[in-house]
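Asker:
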Amino acid sequence: MNETSDFDIRERKRFHFEMTPFRAVITAILSGVFRLLMRLEVVGLENFPLDGPVIVAANHVTNFDVFPMQLSLPRPIFFMGKAELFKNPVMDAVLRNLGAFPVYRGEKDRWARLHAARVLDQGQTLGMFPEGTRSRGRGLGVAKTGTARLAIEKGAPIVPMAIVGTDRFFKHFPRRARVTVSLLPLLLPLPGETPLALTDRLMFALAAGLPPEMRGIYAEIPEGFRDEHQAVRN
Numbered sequence: 002m003n004e005t006s007d008f009d010i011r012e013r014k015r016f017h018f019e020m021t022p023f024r025a026v027i028t029a030i031l032s033g034v035f036r037l038l039m040r041l042e043v044v045g046l047e048n049f050p051l052d053g054p055v056i057v058a059a060n061h062v063t064n065f066d067v068f069p070m071q072l073s074l075p076r077p078i079f080f081m082g083k084a085e086l087f088k089n090p091v092m093d094a095v096l097r098n099l100g101a102f103p104v105y106r107g108e109k110d111r112w113a114r115l116h117a118a119r120v121l122d123q124g125q126t127l128g129m130f131p132e133g134t135r136s137r138g139r140g141l142g143v144a145k146t147g148t149a150r151l152a153i154e155k156g157a158p159i160v161p162m163a164i165v166g167t168d169r170f171f172k173h174f175p176r177r178a179r180v181t182v183s184l185l186p187l188l189l190p191l192p193g194e195t196p197l198a199l200t201d202r203l204m205f206a207l208a209a210g211l212p213p214e215m216r217g218i219y220a221e222i223p224e225g226f227r228d229e230h231q232a233v234r235n
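Residues 2 to 235 in the working numbering are what the sequence shown lists, from first letter to last.
Next comes the structure, spelled out in structure tokens:
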């Protein structure tokens with residue numbers, strides 16, 4: 002569970018790197034259920050690669066974000082889930098079949114980082130929430146550099162995904178909530194770019210795809226940021 006562990010019990014479990022029959026059935030069921038709860042609009046799908054490793058990096062407002070996130074894409078997403086969700090053996094098996102893998106938050110979870118890298122090695126889609134936790138409507142918070150580190154390590158593109166409307170689920174039921182998922186132009190790590198620099202570039206791009214009230218600390222691009230980015234590009 003940490004950097005000094007010689008063996009991680011998670012290595013004994015089977016994690017899937019493909020769309021399982023169980024997952025296909027559950028996804029179809031969830032698609033029907035969520036049609037009753039939301040009117041999903043997907044924008045910018047042309048920015049999403051149809052094959053090869055890719056990281057989808059989204060803002061995180063509620064626990065419901067993962068559903069429009071997956072239902073808006075033509076490829077299965079593999080994503081981290083907090084380890085507490087995997088404690089029940091039945092839920093553990095279900096989540097693993099749905100492409101999730103556990104992460105111990107608040108510590109350096111070497112196994113989770115390596116498994117995320119394996120997802121990309123398999124040419125799959127890795128879903129990430131760079132903030133690491135829900136914003137609960139307070140706007141974007143300070144992002145962690147894990148997403149950028151993986152992108153740089155694997156040379157994988159990042160597609161920023163702006164999700165708006167999941168906080169309105171059930172508020173006016175039976176009226177459906179309007180949920181918009183915007184897939185923004187993909188970002189590629191630049192030669193010599195640091196994880197922090199790529200993280201900033203990602204978050205400012207993500208903020209630009211969100212309404213002003215959801216941009217949080219990334220609402221305004223600092224003076225000189227574009228000049229620094231251009232220097233790295235050159």
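Just so you know, even glycine gets a beta-carbon here, dropped at the ideal spot from N, CA and C.
Does the segment 86-98 come close enough to the segment 114-129 to have 3 or more Cβ pairs within less than 8 Å?
Answerer: No, the segment 86-98 does not touch the segment 114-129.
Asker: Going straight from the alpha carbon of V55 to that of V182, what length do you get?
Answerer: Near 17 Å, if we compare the C-alpha coordinates of V182 and V55.
Asker: Tell me the rounded alpha-carbon separation between I10 and E132.
Answerer: I10 and E132: Cα-Cα distance of roughly 27 Å.
Asker: Pick from V44, R15, V67 and F8: whose alpha carbon is nearest that of G128?
Answerer: Of the listed residues, the one whose Cα sits closest to G128 is V67.
Asker: So is N64 buried or exposed if we call it buried at 16+ other beta carbons inside 10 Å?
Answerer: Exposed, by the Cβ-count rule.
Asker: Please classify I78 as buried or exposed, where buried requires at least 16 other C-beta atoms within 10 Å of its C-beta.
Answerer: So I78 ends up on the buried side.
Asker: Taking its Cβ as the centre, do 16 or more other Cβ atoms sit within 10 Å of V26, making it buried, or is it exposed?
Answerer: Label assigned to V26: exposed.
Asker: Give the straight-line distance between the Cα atoms of D110 and L151, rounded to the nearest whole angstrom.
Answerer: The straight-line gap from Cα to Cα measures roughly 14 Å.
Asker: At which residues does the alpha helix (DSSP H) containing M162 begin and terminate?
Answerer: Note, M162: premise wrong, no alpha helix (DSSP H); beta strand (DSSP E) at I159 to V165.
Asker: Enumerate in chain order the residues of its own chain whose CB-to-CB distance from Q71 is below 6 Å, with the five nearest sequence positions on each side excluded.
Answerer: Excluding residues within five positions, the ones whose Cβ falls inside 6 Å are I78.
Asker: Only counting runs of 3 or more residues, tell me where the beta strand (DSSP E) segments fall wholly within the segment 32-95, in order along the chain.
Answerer: Whole beta strand (DSSP E) segments, 3+ residues: 39-44, 55-59 and 78-83.
Asker: Take A178 and list the residues in its own chain whose beta-carbon comes closer than 6 Å to its own, dropping the five residues that flank it on each side.
Answerer: The residues are M39, G166, R169 and F170.
Asker: Near F18, what residues of its chain come up, given a Cβ to Cβ distance below 8 Å and the 5 sequence neighbours on each side ignored?
Answerer: Same-chain partners within the cutoff: F79, R119, V120, Q123 and Q125.
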